[in-house]
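Asker: Dumping the structure here so I can ask a few things about it.
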Amino acid sequence: MNSTARNFSKLLFPFDFQVLTMSTPSRKRLMRDFKRLQQDPPAGISGAPQDNNIMLWNAVIFGPDDTPWDGGTFKLTLQFTEDYPNKPPTVRFVSRMFHPNIYADGSICLDILQNQWSPIYDVAAILTSIQDQHWDCSSLHTIAAAFLN
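What follows is the structure, encoded as structure tokens:
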């Protein structure tokens with residue numbers, strides 16, 4: 018593109034489209050979530066946006082010691098919409114898992130991802146909640162006891 022065409026283009030489109038698309042409230046919030054997750058990551062959790070797409074994240078939760086998931090590395094995806102943080106992301110386990118709160122398609126039964134969602138939850142809180150609920154063996158023992166009785 019020659020300089021005349023470039024200058025004409027700037028007259029028609031005086032803004033940078035990439036900056037424009039990155040400045041929505043959802044995307045700003047996700048950038049803030051990402052910075053917090055990098056600065057103060059919760060133990061056993063890792064997460065980051067996928068290939069320059071702030072709306073799609075890859076995450077990893079490490080199985081805690083002395084549980085059936087000890088030594089495991091469990092991959093998840095988080096898909097955000099422009100409604101975030103007012104609506105929760107769609108979270109799925111990519112790694113196959115056997116757990117009563119994880120469906121065959123990898124989706125997760127977790128109250129904060131459904132009817133108990135609040136905009137105060139950030140990515141770290143989502144992943145920590147998944148880690149806490151899914152690795153809590155006492156809840157598994159309660160479920161097993163209910164089936165045995």
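Heads up: the sequence shown runs through residues 18 to 166, numbered per this note's numbering. Positions of the beta carbon are idealized from the N, C-alpha and C atoms, including for glycine.
1) Rounded to a whole number of angstroms, what is the C-alpha to C-alpha distance between Q67 and P42?
2) Rank A142, N75, P136 by C-alpha distance to the C-alpha of E99 and give the top, closest one.
3) Taking only three categories from DSSP, how would you classify T145?
4) Please confirm if the region 121 to 134 is in contact with the region 103 to 110, defined as three or more CB-CB distances below 8 Å between the two stretches.
5) Excluding the five sequence neighbours on either side, which residues of its own chain have a C-beta within less than 7 Å of the C-beta of T90, listed in chain order?
6) With DSSP collapsed to three states, give me the class of I129.
7) Does R109 come out as helix, strand or coil in the three-state DSSP assignment?
8) Could you tell me which residues DSSP puts in a beta bridge with I62?
9) Quick one, are the C-beta atoms of V140 and G64 less than 8 Å apart?
10) With C-beta atoms as the reference, is Y138 less than 8 Å away from I129?
11) Nearest CA to the CA of Q150: which residue from I119, W134, N132?
12) Name the two residues that bound the continuous beta strand (DSSP E) containing F91.
13) Using the C-alpha atoms, what's the distance from D57 back to M72?
14) Helix, strand or coil for S43, going by three-state DSSP, please let me know.
Answerer: Quick answer:
1) Looking at the backbone, the Cα of Q67 and that of P42 are separated by about 19 Å.
2) Measuring from the Cα of E99, the nearest candidate turns out to be P136.
3) In the structure shown, T145 sits in a helix (DSSP, three-state: H, G or I).
4) Result yes; three or more Cβ-Cβ pairs closer than 8 Å.
5) Cβ neighbours of T90 beyond the five flanking positions: V77, F79.
6) Three-state DSSP puts I129 in a helix.
7) In the three-state DSSP reduction, R109 falls in the strand class (E or B).
8) According to DSSP, I62 bridges with I78.
9) Result yes, Cβ atoms of V140 and G64 sit closer than 8 Å.
10) In contact: Y138 and I129 (Cβ atoms closer than 8 Å).
11) Considering only alpha carbons, the answer is I119.
12) Its beta strand (DSSP E) spans residues 90 to 96.
13) Near 21 Å, if we compare the C-alpha coordinates of D57 and M72.
14) DSSP places S43 in helix when its eight states are reduced to three.
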